[in-house]
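Working notes, beginning with the structure itself.
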Amino acid sequence: MERERLLVRDGDRDGWTSTSIGVDHGVEGASADVDERANTMGGWKRHRRRTTAVVTSAVVAGALVCYGTVFSIFERGFFGASDRGTRTRREFGALSVLSWTPRDGFRRVGRGSGGLFRNEIARNHLMHTIERYYPSRLTNASAPFEVNFIVDDCPHTPCADPRYRAKHCHVDQWEPIFAFGSAPKDASVFPTMVSSTLVPLMYCVAAEQSLANASFVVTSETEPACDFLKYPAVIDNKPECDAKSSKRGDSACRYFGLFNLNIMPNKSDYEWDNLLKRGIWRGSDYPLYTGFWPNKKTNGLRFQQRLMRTNASETTREIEALLKGREIGPRLRAVLMSKRHPEKLDAKFFNWGGGGPSPGRDTLDFVDTNHIEMDTFARYKYQLDLGGGGGTTWSGLIPKLSVPGVLFHHETMMKDSYFDTLKPYVHYLPLKEDLSNFDELAAWVEAHPSEAKAISDAATAWVHEFRKLANLLRYNYEVLVKPLARALDSSGELRPIPFEIAHPGV
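Position 99 (the sequence shown) corresponds to 904 in our numbering; numbering is contiguous.
Listed below in structure tokens is the structure:
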């Protein structure tokens, strides 16, 4: 089934609560330097660093085959699945599964990775979605069904490795898998995977109220349930979140909330011509991509440690060498670019209590010790959005679209489901994965101020509409409700209740 595009119409996470959602999360476990190949074969690599790539690939492939075999043995005793379902779970690996039978109703018969809280919010959201839009599928005479889903930053499966996938993964024969995190932009990688409702946006929809509560009426102006899609009524720079505070690292200290010009005392600072001609970024020192994905990068800790051991006279040369090479990830790259050219870019880590050197040991000034909020961010003309472990920032992008500047959106191999509603040079400027076109984009903005401001205005307007609960429900309808039909009924005849009937107040 081909998804229709969501049209917005007028009129790193387990610690999150339903009202306070972190904005800059790239991977679960901020301090983790996730590299499965290094973790599982670290001892071997230390003694055999000069072994040929062919032998290394063979060993890794063997480990992946063993991984799939062990899961197959486990699965046969755990799932009462169809042959197609058995193949899907054997080849993909750990999947979360929501099961329904007339006798037992809904129950979770398998939990993949991604953490307990993510799995719980996704399961409940999925359950309430099916109840609201597919009641005919839940009668005493209905056949049992199972829905596969994942809540990882990006799909964690050995089939992410292209060579392994070609030999061992029959991806076109899999059952549908609903990805509630980031998913590959290239749909041919996992043809049955549905890039679906993003976990942070589930909190905004609050399905237990908007879908499960029949008396709750949604109108075109109903506010979302989450703080990060609300316009704050006061400026709160959260001094308790600074490095000296014992509360630093709490989820409540993460950036959240949209930019609200109405509460700014010096509104002229945010006029286009008065914005600072610099880029800005703050975030955790996360790797780029986790799991078995190609081209992944570790976090920057070992490179920072190398620089701290370097003689001061050689630091600049070492930084230049790292910037010219391909070892480092985009987040450390931005910080190093800022170190070399602070007049162009203000980028530092703010690690929320995990990953990278502590501020007290940060002799390179890579870590910001003071939490900054939207009143400061919004003064910069170039807003950077840098992907983390899943290749995106999940909820980090939307608030940056709300500010007066222009978003330089990090283009990686992954996407979040709402990305399809945003267009390059309409809502943002595309920043390459290695940040190599940063100077080019900045120069374009200065050479085309009218066009750049129009992009910023379009992005702000998009946020204003998308954030409304009615449009979040429409988004959920497009990326989850419609695709669910083929998971609930393979005949292709099942259809959901039309959106306008399910939500007559919209």
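Cβ coordinates follow ideal geometry from the N, Cα and C atoms, glycine included.
Within 10 angstroms of the Cβ of Thr856, are there 16 or more other Cβ atoms? Answer buried if so, exposed if not. Low local confidence applies: a pLDDT of 38 at Thr856 is under 50, so the model's placement there is unreliable, with the coordinate-based value given in what follows. Counting Cβ neighbours within 10 Å, Thr856 comes out exposed, since fewer than 16 surround it.
DSSP state of Asp1221 mapped onto helix, strand, coil: coil
CA-CA distance, Ser993 and Asp1090? 31 angstroms
Report the three-state DSSP secondary structure of Ile1124 (helix, strand or coil). helix
Let me check understanding here. Comparing Cα to Cα, which of Asn1175, Trp1086 and His961 lies closest to Lys1043? Asn1175
From Gly1130, Ile1124 and Ser987, residue whose alpha carbon lies closest to that of Val1140: The closest CA to that of Val1140, considering only Gly1130, Ile1124 and Ser987, is found on Ile1124.
Below 8 angstroms, how does it come out for the stretch 1239-1253 and the stretch 1024-1034: are there three or more Cβ pairs, yes or no? no
When the Cβ atoms of the stretch 943-961 are set against those of the stretch 1171-1191, are three or more pairs found closer than 8 angstroms? no
Nearest-angstrom Cα separation, counted from His1269 out to Gly898: The straight-line gap from Cα to Cα measures roughly 39 angstroms.
Contact check, Glu896 vs Cys959, beta carbons under 8 angstroms: no
Within 10 Å of its beta-carbon, does His1146 have 16 or more other beta-carbons around it, so buried, or fewer, so exposed? exposed
For Leu1006, which residues in the same chain have their Cβ closer than 7 angstroms to its Cβ, ignoring the five residues on either side in sequence? Leu1277
Using DSSP's beta-bridge definition, name the partner residues of Tyr780. Any property of residue 780 remains undetermined from this structure, which presents the chain solely from 806 to 1311.
For Ile955, does the three-state DSSP call read helix, strand or coil? Residue state, collapsed to three classes: strand.
Beta-ladder partner(s) of Lys1273, from DSSP: According to DSSP, which records beta bridges pairwise, Lys1273 is partnered with nothing at all.
Three or more C-beta pairs closer than 8 angstroms, one from the stretch 1073-1088 and one from the stretch 1191-1210: is that the case here? yes
Going by other Cβ atoms of all chains shown within 10 Å of its Cβ, with 16 needed for buried, is Ile1133 buried or exposed? buried
Hey, out of Lys1102, Thr1197, Ser1200 and Lys1153, whose CA is closest to Ile1177's CA? Lys1153
Residues in the same chain with beta-carbon distance under 6 angstroms from Ser1000, minus the five sequence neighbours each way, listed in chain order, please. Result list for Ser1000: Ala984, Ala988 and Ser1222, in chain order.
Does the Cβ-Cβ distance between Gly1096 and Arg1136 come in under 8 angstroms? no
Express the C-alpha separation of Asn1071 and Val1010 in angstroms, rounding to a whole number. Distance between the alpha carbons of Val1010 and Asn1071: 34 angstroms.
Could you compute how far the alpha carbon of Pro1092 sits from the alpha carbon of Arg1138? Straight-line Cα distance between these residues: approximately 12 angstroms.
Could you tell me which of Thr906, Ser1143, Ala1019 and Leu1081 sits nearest to Ser1317, measuring between CA atoms? Coverage of the chain is limited to positions 806 through 1311, which leaves residue 1317 absent and any answer about it impossible.
Check whether the stretch 1210-1217 touches the stretch 1194-1202, counting contact only when three or more Cβ pairs, one atom from each stretch, lie closer than 8 angstroms. yes
Which residues in the same chain have their Cβ closer than 6 angstroms to the Cβ of Trp1267, if we skip the five residues on either side of it in sequence? Taken in chain order, the residues that qualify are His1232.
Distance, Glu951 Cα to Pro967 Cα: 28 angstroms
On the CB-based measure, 16 or more other CB atoms within 10 Å of its CB, does Val1208 come out buried or exposed? It is buried - the Cβ of Val1208 has at least 16 other Cβ atoms within 10 Å.
Quick one: what's got a C-beta closer than 7 angstroms to Asn924's C-beta in the same chain, skipping five residues either side? Sequence-distant partners of Asn924 (beyond 5 residues in either direction) whose C-beta falls short of 7 angstroms from its own C-beta, in its chain, are Ser901, Arg916 and Val956.
Tell me whether His1215 sits in a helix, a strand or coil according to DSSP, three-state version. strand
Flag this pair as yes or no: are the beta carbons of Ala1290 and Pro1301 separated by less than 8 angstroms? yes
State the Cα-Cα distance for the pair Gly1062 and Tyr1036, rounded to the nearest angstrom. 6 angstroms
Test item: CB-CB of Leu1034 and Arg1279 under 8 angstroms: no
Would Ala1275 be called buried (16 or more neighbouring beta carbons within 10 Å of its own) or exposed? When all chains shown are included, Ala1275 counts as buried.
Between Ala1012 and Thr891, how many whole angstroms is the CB-CB distance? I'm expecting something under 8 angstroms. That belief does not hold up - the Cβ atoms of Ala1012 and Thr891 are roughly 30 angstroms apart, past 8 angstroms.
Buried or exposed (CB count within 10 angstroms, at least 16 for buried), Gly919: buried
On the three-state DSSP scale, how would you describe His830? Residue placement at His830 is poorly supported in this model, since its pLDDT is 38, which falls under 50; the coordinates still yield a value, given next. Three-state result, His830: coil.
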